[in-house]
Every structure is written in structure tokens, then in C-alpha cells.
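The sequence shown maps to residues 62 to 319 in the working numbering. All C-beta atoms, glycine included, are put in the ideal place defined by N, C-alpha and C. Bear in mind the structure is a predicted one, so any value in this text is a computation, not a measurement.
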Amino acid sequence: METHAEPEPTRHEANPSDVPIRQLFRDVVADRMPGRRPPQAAMLLDVEVDPAGDDRSFLGDFYNEILHQDTCRPTTADGLALPAALAVDDRIPARHRFEAINVLFKAATAAERHLAESWPTTPRHTDPASEALARSAVQTHTPDLLSRWAAECPAVRLALAGLAVVSPTDRTLPALTPRLQAFTRQHRPGTDIGDYVRFVLVLAAQDADRILTATEELTDAYWTGTARGAPPRARALHLLAQMLTKVGTGLARPQAGR
């Protein structure tokens, strides 16, 4: 299925393709967080760390320090300031801004996603206090991220749309429908982006019956399902996370841009 959403550059976006991603992250964090930084920033700023190391390994290790094996720890909430800072800086390539937002999305939905996966048992590595702090931290960062919508590329807007329905407000939810109209015209149902965008709009409508119906239909189609007895919101966020990851996989392909 089609997953392509061209990450068109904004007029301010540079092309740092010749700069190792660790060095680029380090520069952005040093500029944007000149004062107190979370402990995970040591991976970027420690003088003993080689900034020219392997990008793929670095990214896996860096985000795992923040959201450890997709679970929240006491340090997760503070660490989320790092992907939030990266996601609002045009020096960071679009696919990495997308991934930074995806990390925030995963942190904000960890408790519900794991509940849906393990239902009817309790998730094995749950930490309710840390999960609540992580959700609160993401809510704090979300307004700054959403304020970039007009300047962002289409691909990153998809990630922002997912974040908007996780932390909904009376202001952001009504804005999603007109903002996503171009996607619904360009990507038909049955494509990864088309299904994702339409599901986001269903979630934004906050109609419990429609959400349950859409979750059932999409799960039956081709996504990994969850127990039907699990709470509907948990099932929906579990599904939305899979869809967002699939969209991001398409963005990471060479033809999807930077």
C-alpha cells in the first residue's frame, strides 16, 4: 500500500545531510537548552562520546534512554524535553522531526497501548506514576509543536495530527478537519496515509460509537488487533500507534525525501 507523504522543506530548513545526526542533535540541544538539561542529554553532550558514530545505532540508543523499551520510567518525563526541542528546530531533517514527535506520541500513550496489548491482564512493566508524568509532559510540549503546523511539511503534519488527538483541546480538535482535508483528497481509503488520516478524524469527532466501529473495521482489515473486551480508547490508541509507525516507515524510505 501507498505510504508516501513528501516531506517538503520549509523555507527555513537547511540541508544538513553531511552532518552526523548525533552532532546535529547535540548542536540543537546545546542551543535550545542552555540551562538545566535532562540526564539523557549526556548522550549528546558528553565530550567522551564520538559525535561521528553510527547514526542508526545512536538513534536507537538515544530514544531508548528516554522511553526505555517503550516503557516510562521516573526520568522519562524530563527526558521528553529533548525530542520536543528537536521537533521544533528546522535544522533537524523532516524524518527525524517526525520520529521525535512519534516518541512523544508513544510516551503519552504507553499506558493505554500496553493495557490494550495485555488485556485482560495487567501490563507487566507498568509504572502508573511515571506514565502520568510522561502524559503531562507531552501535553505541556504539544502547543508549541502544533503551532508549527503551517510551516511544517506534510509528513510531519501527520505526526502532529496524531499528537493532537492524544492531547485534545476545544481549540485543536475543530482545527483538524480543515487541516487534514488535503490528505483525504490525495490519499484514498485503503492506503496507509488515507486510513490513518480518516481514523484521526474519527478520533477527533469524539463519538464513542464511531471510534469503536472504525477500530473494528481497520483491525479486521490488516492491523494487529487487541482483545475486544479492552477499553475502546486503549484499543484505538494501540491501532493509531501502529498506523503512525507505518507512515513513518514510508517517510524513511529514500524516495520520501530527507
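Coil, strand or helix - residue i by DSSP
i: Pro-315; result: Any answer about Pro-315 is weak, because its pLDDT of 48 lies below 50 and its placement is not dependable; what the coordinates show is given next. Helix.
i: Glu-178; result: helix
i: Thr-230; result: coil
i: Thr-132; result: strand
i: Met-62; result: Its pLDDT being 40, under 50, Met-62 is placed unreliably in this model, and the coordinates cannot settle the point.
i: Ser-208; result: coil
i: Val-217; result: helix
i: Pro-144; result: helix
i: Ile-183; result: The sequence shown places Thr at residue 183, not Ile. DSSP places Thr-183 in coil when its eight states are reduced to three.
i: Ile-272; result: helix
i: Val-308; result: helix
i: His-202; result: helix
i: His-157; result: helix
Beta-carbon proximity of residue i to residue j, cut-off 9 Å
i: His-175; j: His-186; result: yes
i: Thr-287; j: Leu-262; result: no
i: Asp-206; j: Val-149; result: The question names Asp, but residue 206 in the sequence shown is Leu. Taking 9 Å as the Cβ cut-off, Leu-206 and Val-149 qualify as a contacting pair.
i: Ala-138; j: Leu-194; result: yes
i: Arg-249; j: Thr-276; result: no
i: Tyr-124; j: Pro-144; result: yes
i: Pro-387; j: Ala-269; result: Residue 387 lies beyond the range of the chain shown here (62 to 319); nothing can be said about it.
i: Ala-177; j: His-299; result: yes
i: Phe-119; j: Arg-152; result: no
i: Ala-265; j: Pro-229; result: yes
i: Phe-166; j: Gly-223; result: yes
Anticipated Cβ contact below 8 Å, residue i with residue j, distance rounded
i: Leu-141; j: Ala-168; result: 6 Å
i: Val-308; j: Ile-272; result: Val-308 to Ile-272, Cβ: 19 Å. No contact.
i: Pro-81; j: Asp-131; result: Not really, about 26 Å apart at Cβ, beyond 8 Å.
i: Arg-93; j: Ala-146; result: 4 Å
i: Pro-100; j: Thr-136; result: 6 Å
i: Asp-256; j: Met-304; result: 7 Å
Inter-residue Cα distance where the pair is residue i and residue j
i: Arg-209; j: Val-199; result: 16 Å
i: Ala-302; j: Glu-173; result: 11 Å
i: Val-89; j: Ser-179; result: 38 Å
i: Glu-160; j: Leu-241; result: 20 Å
i: Leu-106; j: Ile-127; result: 15 Å
i: Ala-220; j: Asn-163; result: 6 Å
i: Gln-316; j: Glu-192; result: Unreliable positioning characterises Gln-316 in this predicted model, as indicated by a pLDDT of 44, which lies under 50. A coordinate reading is not provided.
i: Glu-74; j: Arg-134; result: The predicted model places Glu-74 with a pLDDT of 44, which falls under 50 and marks its position as unreliable; any figure quoted below should be read in that light. When rounded, the distance between both Cα atoms is 34 Å.
i: Phe-260; j: Asp-281; result: 14 Å
i: Val-217; j: Ala-291; result: 30 Å
i: Val-227; j: Leu-279; result: 19 Å
i: Thr-306; j: Arg-97; result: 31 Å
i: Thr-182; j: His-129; result: 21 Å
i: Gly-311; j: Ala-212; result: 21 Å
i: His-202; j: Arg-289; result: 32 Å
beta-carbon residue i near the ligand FMN non-hydrogen atom, thresh 8 Å
i: Trp-210; result: The ligand FMN is absent from the structure shown, which contains no ligand whatsoever.
First and last residue of the uninterrupted alpha helix (DSSP H) at residue i
i: Arg-87; result: 82–93
i: Glu-126; result: 116–127
i: Ala-266; result: 253–266
i: Gly-140; result: 137–140
i: Ala-102; result: Counting along the chain, Ala-102 falls outside any alpha helix (DSSP H), and DSSP gives it neither H nor E.
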